[in-house]
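K.L.:
One structure is given below, represented as structure tokens, and several questions about it will come after.
Number of protein chains: 2
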Amino acid sequence: MIKKVGFVVIGDEILNGKTADKNINFLAKSLDEYGFDLVEVRVIGDVFDTIVETVKHFSKKYDYVFTCGGIGGTHDDITFACVASAFGLEIEQNQEALRRLSAYYKERELPLTDTRTNLAKMPKGCKLIDNSISIAPGANVENVYVCAGIPKIFNVMLNDILPTMQGGIKVHKYTIFKENLSEGTIGDTIAKIASSYDDVSIGSYPKFHDNGFSTEIVMRSRNKKNLDLCYKDIKSYIDKC
Amino acid sequence: MIKKVGFVVIGDEILNGKTADKNINFLAKSLDEYGFDLVEVRVIGDVFDTIVETVKHFSKKYDYVFTCGGIGGTHDDITFACVASAFGLEIEQNQEALRRLSAYYKERELPLTDTRTNLAKMPKGCKLIDNSISIAPGANVENVYVCAGIPKIFNVMLNDILPTMQGGIKVHKYTIFKENLSEGTIGDTIAKIASSYDDVSIGSYPKFHDNGFSTEIVMRSRNKKNLDLCYKDIKSYIDKC
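Quick look at the structure:
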């Protein structure tokens, strides 16, 4: 059974264009490598009810859910409270998170302000996700991984989580890239070949350069035998073009 | 009344990590500039029912909807058919689109294959969205703008559409950027100030560099008077830190 994943990107700064998201592609590539299917991404703002409803919906709909953003300690960081609410949990001062943060700030001679202790106000009973960059941990509640929005931190969290996820089934793939060949020229035949391979997903991606165009055909499947056959068919056709 | 916008990014290649989306940030920045609120983005795959349902839902929920991706002429391009289905329209060979495409390919001495005429199979009665890069037009049906996924083409389409959209109300903003000041240090006071300005959205964005950290405070509002007051409060506090 293929494991499906949903991703919720949380943050007004993505929606108003201040910040360009980098996490979608990192998560997408990582999940693909581990054999999980990313099925849907939603980008939503820092709005309590919207976050709660989206997390609830995704947790039921997908095998695994990731969120990023909104887990800092400032007034606009509400993701932990939303995830707690989605699962009917209380928010509590997580003692292990507080211990890590206290040690981190003590070493740096920084006072433990409310904003800093807020970082440890997490859903009751959550598992911590380590953060080797700025210490403040993420939270795992049931099938939801609540991660930081800052790409560098999101990446280290993800690299810890992925090897612990169960049930990935590797997707095999081939790519054929051809300069000066337009998809308009080869598309009719590719469509015919595609119709003979139900379990191979064939993507056709045109590129427009200043001096011409090219086409990339990507074949993906978990059925290696059919993928190999499909690749042979397309390769031998493209070689003749 | 603030106009709300939803954006549907369509394409397996975004979800499997082959391609990093560039359109979300371009649309987000452009809408912000014109005074529209991007409220939600969904990234979904090349799946007929999912696209139909998402377009239907967004068209009802938001004042304007943009889609990108899946309007090429190959077998994996199904967005026009999905949008037609969402509005109960037929797909027809759009005569003006076909005229433009025929002229374009004739000039380049390229045959009018099915894949190329497919580019003109559009929802009946749609308005065309010009494409000065590769000619194949996008489609406007009711409040939905169906655009190309290739960023260069998405951008030219958007630049045509935005000035025609009605009802934008400019958002005013201030940004304060401070090196070597952590949001953990200033967050408690910023939270207090934020609580006095309901109609000013204040975002606090930490950055971690190799040699330290910094904080960016972004204040945004359509109420210029309150924004100015809020900015003065925060600026005078930060200057003292």
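Chains as they are written, first to last, in the working numbering: chain A, 1 to 241; chain B, 242 to 482.
Positions of the beta carbon are idealized from the N, C-alpha and C atoms, including for glycine.
From a predicted model like this one, the values you see are computed outputs, not experimental measurements.
When you compare the CB of residue 281/B with every CB in chain A, is at least one pair closer than 9 Å?
P.N.:
Yes - at least one Cβ of chain A is within 9 Å of the one on residue 281/B.
K.L.:
Sort 116/A, 95/A and 133/A by Cα distance to residue 160/A and report the nearest one.
P.N.:
Closest by alpha carbon: 133/A.
K.L.:
Note the first and the last residue of the continuous alpha helix (DSSP H) segment covering residue 240/B.
P.N.:
With chain B represented from 242 up to 482, any question about residue 240/B goes unanswered, as that position is not in the structure.
K.L.:
Tell me the residue span of the beta strand (DSSP E) that contains residue 283/B.
P.N.:
Note, residue 283/B: beta strand (DSSP E), 278 to 285.
K.L.:
Locate the alpha helix (DSSP H) running through residue 426/B, then write down its first and last residues.
P.N.:
Note, residue 426/B: alpha helix (DSSP H), 424 to 436.
K.L.:
Between residue 273/B and the rest of its own chain, which residues show a CB-CB distance below 7 Å, the 5 nearest in sequence each way excluded?
P.N.:
Same-chain partners within the cutoff: 412.
K.L.:
In whole angstroms, what separates the C-alpha of residue 284/B from that of residue 238/A?
P.N.:
Cα-Cα distance, rounded: 31 Å.
K.L.:
Measuring straight from C-alpha to C-alpha, what distance separates residue 71/A and residue 212/A?
P.N.:
Answer to the nearest angstrom: the Cα atoms are 46 Å apart.
K.L.:
Rank 34/A, 121/A, 153/A and 2/A by C-alpha distance to the C-alpha of residue 23/A and give the top, closest one.
P.N.:
Selected option, being the one with the closest Cα: 153/A.
K.L.:
Would you call the region 167 to 187 of chain A and the region 221 to 241 of chain A touching, i.e. three or more CB-CB distances under 8 Å?
P.N.:
Yes, since at least three Cβ pairs between the region 167 to 187 of chain A and the region 221 to 241 of chain A fall closer than 8 Å, the two stretches touch.
K.L.:
Could you check where the beta strand (DSSP E) with residue 388/B kicks off and where it finishes?
P.N.:
Counting along the chain, the beta strand (DSSP E) containing residue 388/B begins and ends at 385 to 388.
K.L.:
Is DSSP giving residue 123/A helix, strand or coil here?
P.N.:
DSSP places residue 123/A in strand when its eight states are reduced to three.
K.L.:
Give the residues of chain A in contact with residue 470/B, contact being defined as C-beta atoms less than 8 Å apart.
P.N.:
Ordered by position in chain A, no residue passes the 8 Å Cβ test against residue 470/B, which lies about 18 Å from the chain.
K.L.:
Closer than 9 Å, Cβ to Cβ, to anything on chain B: give me those residues from the region 62 to 91 of chain A, in chain order.
P.N.:
From the region 62 to 91 of chain A, only 72, 73, 74, 75, 76 and 77 have a Cβ closer than 9 Å to chain B.
K.L.:
Does the distance from the C-beta atom of residue 215/A to that of residue 186/A stay below 9 Å?
P.N.:
Yes.
K.L.:
How about residue 299/B and residue 250/B: do their beta carbons lie closer than 9 Å?
P.N.:
No, the Cβ-Cβ distance between residue 299/B and residue 250/B is not below 9 Å.
K.L.:
Take residue 281/B and list the residues in its own chain whose beta-carbon comes closer than 6 Å to its own, dropping the five residues that flank it on each side.
P.N.:
Excluding sequence neighbours, residue 281/B sits near 247.
K.L.:
Give me, in chain order, the residues of the same chain whose beta-carbon lies closer than 6 Å to that of residue 244/B; leave out the 5 immediate sequence neighbours on both sides.
P.N.:
So the list reads 277, 304 and 408, once near-sequence residues are dropped.
K.L.:
When the Cα of residue 415/B is compared with those of 325/B, 460/B, 343/B and 306/B, which residue comes out closest?
P.N.:
For the residues 325/B, 460/B, 343/B and 306/B, the minimum Cα distance to residue 415/B belongs to 460/B.
K.L.:
Using a Cβ cut-off of 7 Å, pull out every chain B residue sitting near residue 194/A, in sequence order please.
P.N.:
Those are 316, listed as they occur along chain B.
K.L.:
I need the boundaries of the beta strand (DSSP E) containing residue 93/A, first residue and last residue.
P.N.:
Counting along the chain, the beta strand (DSSP E) containing residue 93/A begins and ends at 91 to 93.
K.L.:
Note down, in chain order, every chain A residue with its Cβ under 9 Å from the Cβ of residue 478/B.
P.N.:
By Cβ distance, chain A contributes nothing, its closest Cβ being about 14 Å from residue 478/B, past 9 Å.
K.L.:
Answer with buried or exposed for residue 260/B, where buried requires no fewer than 16 other C-beta atoms within 10 angstroms of its C-beta.
P.N.:
Residue 260/B is buried by the Cβ-count criterion.
K.L.:
Which one of 466/B, 471/B and 433/B has the shortest CA to CA distance from residue 298/A?
P.N.:
This structure cannot speak to residue 298/A, because chain A is shown only from 1 to 241.
K.L.:
Alpha carbons only, please: which of 462/B, 383/B and 438/B is nearest the one belonging to residue 474/B?
P.N.:
The shortest C-alpha separation from residue 474/B is found at 438/B.
K.L.:
Would you say residue 404/B lies against chain A (beta-carbon separation less than 9 Å)?
P.N.:
Not an interface residue.
K.L.:
In angstroms, rounded to a whole number, what distance separates the CA positions of residue 371/B and residue 398/B?
P.N.:
Approximately 6 Å between the Cα atoms of the pair.
K.L.:
Cα separation between residue 229/A and residue 202/A?
P.N.:
Residue 229/A and residue 202/A: Cα-Cα distance of roughly 13 Å.
K.L.:
Do you know whose CA, among 329/B, 328/B, 309/B and 364/B, lies nearest residue 335/B's CA?
P.N.:
Closest option to residue 335/B, Cα to Cα, is 364/B.
K.L.:
Can you give the Cα-Cα distance for residue 17/A and residue 141/A, rounded to whole angstroms?
P.N.:
Cα-Cα distance, rounded: 30 Å.
K.L.:
Going along chain B in order, which residues have a C-beta closer than 7 Å to the C-beta of residue 191/A?
P.N.:
Per Cβ cutoff of 7 Å: 315 and 316.
K.L.:
How many Å lie between residue 97/A and residue 306/B at the Cα?
P.N.:
Distance between the alpha carbons of residue 97/A and residue 306/B: 42 Å.
K.L.:
Tell me which same chain residues have a C-beta within less than 6 Å of the C-beta of residue 100/A, skipping the five on either side of it?
P.N.:
Cβ neighbours of residue 100/A beyond the five flanking positions: 135.
K.L.:
Give the residues of chain B in contact with residue 20/A, contact being defined as C-beta atoms less than 7 Å apart.
P.N.:
Ordered by position in chain B, the residues that pass the 7 Å Cβ test against residue 20/A are 266.
K.L.:
Could you check what DSSP says for residue 27/A in three-state terms: helix, strand or coil?
P.N.:
The answer is helix: DSSP assigns residue 27/A an H, G or I state.
K.L.:
Residue 397/B by DSSP, collapsed to three states: which one?
P.N.:
Helix, per DSSP.
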